Amino acid sequence: MERLEGLDEEFQKEETEKVTSIEETKKKRPPFHYWEVAGVQHKMKLNTGMITKLENKYRTNIMTLVTANDIPPLGVMLTIAQAAIEPWEHGTTFDKVTKLYDKWLEEGGSQFDFMAKVIMPTMAVSGFFTPAMAESLMKDLDQADVIL
């Protein structure tokens, strides 16, 4: 016997259709940026706790540090890298990050590349930019790399 009262079944159909269509069109940001050094990929993403630690340390918003008119000091970028790696590789010290950076330089990296290919993509996956902004930023950084 078919039930004729109520609209529960109709609402369920609509909700299922809406959820499916929204999920299909919604873009997700990548879960991590990976910094490869000596064949090892290091997961990088700033979580809220690390962002607040950095902001307390530098007494400013992280965006201010990385989007100023010039490349941030190397020590600031290495500290951001430490904060982005530490939750995923517990016990990551500043000394370990400086050694990774030195090895990365030996492999052909540069300070500009560190900013463009490590720090900014880490900021993008950490939610500092909308997906559209992050995509545009990464294209601009790729073009800057070609020009240099």
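Under this note's numbering, the first residue of the sequence shown carries the number 882, and numbering increases by one thereafter. Think of the CB as a built atom: it goes at the ideal place given N, C-alpha and C, for glycine as much as any other residue. Note that the structure is a prediction, hence the values are computed from the model and not measured.
Tell me, to the nearest whole angstrom, how far the beta carbon of residue i is from that of residue j; I am working on the premise that it is less than 8 angstroms.
| i | j | result |
| --- | --- | --- |
| isoleucine 966 | histidine 923 | 5 angstroms |
| tryptophan 985 | valine 918 | 5 angstroms |
| methionine 925 | alanine 962 | 7 angstroms |
Would the beta-carbon of residue i fall within 8 angstroms of that of residue j?
| i | j | result |
| --- | --- | --- |
| glutamine 992 | leucine 955 | yes |
| serine 1007 | leucine 946 | no |
| phenylalanine 995 | methionine 958 | yes |
When you compare only the Cα positions, how much space is there between residue i and residue j?
| i | j | result |
| --- | --- | --- |
| threonine 929 | serine 1017 | 24 angstroms |
| lysine 909 | aspartate 983 | 33 angstroms |
| methionine 1014 | tyrosine 939 | 25 angstroms |
| alanine 949 | glycine 920 | 32 angstroms |
| leucine 981 | phenylalanine 1009 | 25 angstroms |
| threonine 973 | lysine 1020 | 30 angstroms |
| threonine 979 | proline 911 | 26 angstroms |
| glycine 989 | asparagine 937 | 33 angstroms |
| aspartate 976 | tryptophan 916 | 17 angstroms |
| serine 902 | alanine 1005 | Per-residue confidence for serine 902 stands at a pLDDT of 49, beneath the threshold of 50, marking its modelled position as unreliable; the derived number appears in the next sentence. Looking at the two C-alpha atoms, the distance is approximately 26 angstroms. |
| glutamate 987 | threonine 941 | 32 angstroms |
Is the shortest distance between the beta-carbon of residue i and the beta-carbons of chain D less than 8 angstroms?
| i | result |
| --- | --- |
| glutamate 987 | The structure shown has no chain D; it contains just one protein chain. |
Drop a sphere of 10 angstroms on the beta-carbon of residue i, count the other beta-carbons inside from all chains shown, and report buried for 16 or more, exposed for fewer.
| i | result |
| --- | --- |
| methionine 931 | buried |
| lysine 998 | buried |
| threonine 1003 | buried |
| histidine 914 | buried |
| threonine 933 | exposed |
| threonine 1040 | The structure shown does not extend to residue 1040, since the chain is modelled only from 882 through 1029, so no value can be given for it. |
| threonine 960 | buried |
| isoleucine 1028 | In this predicted model, isoleucine 1028 has a pLDDT of only 49, less than 50, meaning its place in the structure is not dependable; the value taken from the coordinates is given anyway. Answer is exposed; the Cβ neighbour count stays below 16. |
Comparing the CB of residue i with every heavy atom of the ligand ADP, is any distance shorter than 7 angstroms?
| i | result |
| --- | --- |
| glutamate 1016 | Among the ligands in the structure shown, none appear at all, so the ligand ADP cannot be discussed. |
*asked:* Restricting to runs no shorter than 4 residues, where is the alpha helix (DSSP H) found entirely within the segment 953-1023?
replied: 955-966, 975-987, 1001-1006
*Tell me the start and end of each unbroken alpha helix (DSSP H) in the segment 915-951 that is at least 4 residues and wholly inside, in chain order.*
929-939, 943-947
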